[in-house]
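Read the structure below first, then the notes.
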Amino acid sequence: MNSTRRIGLLLALVFLLPALFFSVYELSSLNKDEKMIEDIYSKQLEAILFSVNQYSDDILGNWVSKIETSLYEHPAEDSIPGKMKDLLQLNGALRGVFMIDTVDRKAVMRTFSLERLSQDLLSQTESSLPDSTVQQLLSYKKSGFQKIQRLNIPPALPGNLHGMICILETGPKQFRVTGLYIDAELFLEDIVGPRLQTISRDQFILSVLTRGSDSTVYTTQTELQQEDQLNQGTQQPAEALTKELWVFPDYLLGIRTTGNTLQELVRERTRTNLLLLVGLDIILIVAVVLVFRNLKKEVDLAQKKSDFISNVSHEIRTPLSLISMFSETLEMDRVPTEEKKHEYYQIISKEAHRLTGIVNKILNFSQTEANKKTIHFERLNLTGEIKSILETYDFHLSNKGFEYTLAAQGDWWIKGDKEAVTECIINLIDNAMKYSPDKKRIEITTGTENGFAYISFRDFGVGISKKDLKYIFDKFYRVSSGNLAKSRGTGLGLSLVKQLMDAQKGKITVDSEIGKGSTFTLYFPLD
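Going left to right, the sequence shown walks through residues 3 to 529 as our numbering numbers them.
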């Protein structure tokens, strides 16, 4: 396994696999979390409902305490005790109070009210006082516990009145059945309503509903909220949770969240968690991919540098060996004829030029890479430049057995650096010669296209594969397989050409096919 694969596997094991396992676990837990969140909301809502019911119970308990205290005033037989009268005047929902002796159930029932109570109401009340209930309440009272119980009168008392009964102690061991006539809806609006507003605090909407019909008796929803709902054309969502009121079982206390329903809130939270989880995974995957790509690039670059050193060493060793060998032969005067001496001098000169070319190419690349190479723009005739270079290079081409053609379609003036233009052209000619072992022919064409003057070099050599085409301009890159890999080189030629063309605001393109050759084209801005 190579180093790049090891790095990729390590990154996957350290980062991606834990993230994948965590994501799978979280996705499997979303349904559980949704149920848990719903349970939390439900328990919170039940606590609110319990508080409201307890408050209602406390209000009734407070009223009973005041009524019991008022009995010690000993008012006239036909008058209302002062404290009880104040209680009736301050609480419109309390419509009346009645009392009857617990022992002598046949005694006349005494009533206290600011208005006249109907005889039918009183008759229904007397007939709905079961002995078992009275005795149970009495036992609670004697044990020191005050219990208030609803008076079950089917149907409800006239005028939407509800009866409540309890036992009051009017003297030492003297007890009376005491009842309260309460207007339930007025009680819910005037007394329970403000408490609901305090509890809701714009976080919940609390409503009192009539059991069966679900008509709203009271709600904390504001008129503005109702108008917004109507403007949006949405129906009022049903209460997420309803519980019956302890004191008035005919009514239900419902609760729901403002805006969205509880189920929608749970779904929204689940959706948010899912999006955050997916987003985190995507960011992590992108980060790992970027890290891997950078590491792969550095590893590849290190490998290319190693190959570059090996290739350059081989490229330099060959001319040096030849120069050393023939120099030593000449020095020792072992050359039999003058013709041989001249041949050896030519070989030494050729290899020296070859060595100089390698060194110059490396120096030019180094200067260009470090942005130290200065580009001197001037007006150049592209056709004239290529003709001049071919005249100089003609002997070299002919000596290698190459034939070439130049199809110049005009004299095109460009803006570029003379030395850089020459370097680019020579590099492409050298590559065409190096990678054309069989059909030794080069076709050179000039022309204009989209504001550029171009010069193209077509060879009929080994060609370049599609997968290698996108890398051939990378520094130190050399094809690692096929016929191209058999040729030695530094891997800097095309990278240098690309950098020089970019510096001159030009460009280079390539079109190639394995076994059919390649066409490299240089584009220079027209002047």
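C-beta: ideal position from N, C-alpha, C; glycine also.
Rounded to the nearest whole angstrom, the CA to CA distance from residue 287 to residue 278 is 14 Å. Contact between the segment 404 to 413 and the segment 438 to 450 is present, with at least three C-beta pairs closer than 8 Å. Pairing residue 187 with residue 219 gives a Cβ-Cβ distance under 8 Å.
Judged by pairs of C-beta atoms under 8 Å, the segment 465 to 475 does not touch the segment 390 to 406, as fewer than three such pairs exist. Nearest C-alpha to residue 507 among 419, 442, 461, 192: 419. Ranked by Cα distance from residue 437, the options 427, 417, 465 are led by 465. Distance from the CA of residue 523 to the CA of residue 379, rounded to the nearest whole angstrom, comes to 20 Å.
Under the three-pair Cβ rule at 8 Å, the segment 161 to 180 does not count as touching the segment 52 to 61.
Out of 455, 132, 51, the CA that lies nearest to the CA of residue 197 is found in 51. In the three-state reduction of the DSSP assignment, residue 214 falls in the coil class, being assigned neither a helical nor a strand state. Non-local C-beta neighbours of residue 526 in its own chain, meaning closer than 7 Å and more than five positions away in sequence, comprise 384, 416, 418, 454, 455, 506, 508, ordered along the chain.
In this structure, residue 128 and residue 111 form a Cβ contact; the two beta carbons are roughly 6 Å apart against a cut-off of 8 Å. Of the candidates 200, 185, 205, 292, 185 places its Cα closest to the Cα of residue 252.
About 4 Å separates the beta carbon of residue 202 from that of residue 222, a gap short enough to meet the 8 Å contact definition.
Residue 89 counts as buried, since at least 16 other C-beta atoms from the protein chains shown sit within 10 angstroms of its C-beta. For residue 428, the closest C-alpha among the options 391, 302, 477 is that of 391. Between the segment 321 to 328 and the segment 349 to 356, the count of Cβ pairs shorter than 8 Å is three or higher; the stretches touch.
DSSP, reduced to helix, strand and coil, places residue 102 within a strand of the structure shown. Under the three-state reduction of DSSP output, residue 464 falls in the coil class, being neither helix nor strand. Spanning the alpha carbons of residue 364 and residue 422 requires a straight line of approximately 14 Å. Per DSSP, residue 506 is not a residue of any beta strand (DSSP E), being assigned neither H nor E. Our two residues, residue 357 and residue 347, have alpha carbons roughly 15 Å apart in a direct line. Around the CB of residue 179, 16 or more other CB atoms lie within 10 Å, so the residue is classed as buried. For the alpha helix (DSSP H) assignment, the uninterrupted runs of no fewer than 4 residues enclosed by the segment 140 to 207 are, from N- to C-terminal side, 186 to 189, 195 to 202.
Counting the other Cβ atoms within 10 Å of the Cβ of residue 86 gives 16 or more, which makes it buried. Our two residues, residue 207 and residue 292, have alpha carbons roughly 50 Å apart in a direct line.
If you draw a straight line from the Cα of residue 302 to the Cα of residue 519, it is about 27 Å long. Rounded to whole angstroms, the Cβ separation of residue 521 and residue 459 is 7 Å, and the two are in contact under 8 Å. Between the C-alpha atoms of residue 498 and residue 473 there is a straight-line separation of about 13 Å. Rounded to the nearest angstrom, the gap between the Cα atoms of residue 116 and residue 122 is 17 Å. Within the same chain, Cβ atoms closer than 7 Å to the Cβ of residue 381 are found at 415, 417, 529, the five residues on either side in sequence being excluded.
Listed in chain order, the non-local C-beta contacts of residue 166 below 8 Å within the same chain comprise 62, 150, 151, 152, 153, 181, 182, 184, 249, local neighbours out to five positions each way being set aside.
Bounds of the beta strand (DSSP E) holding residue 408 are 405 to 410. The three-state secondary structure of residue 65, taken from DSSP, is helix. Sequence-distant partners of residue 329 (beyond 5 residues in either direction) whose C-beta falls short of 7 Å from its own C-beta, in its chain, are 350.
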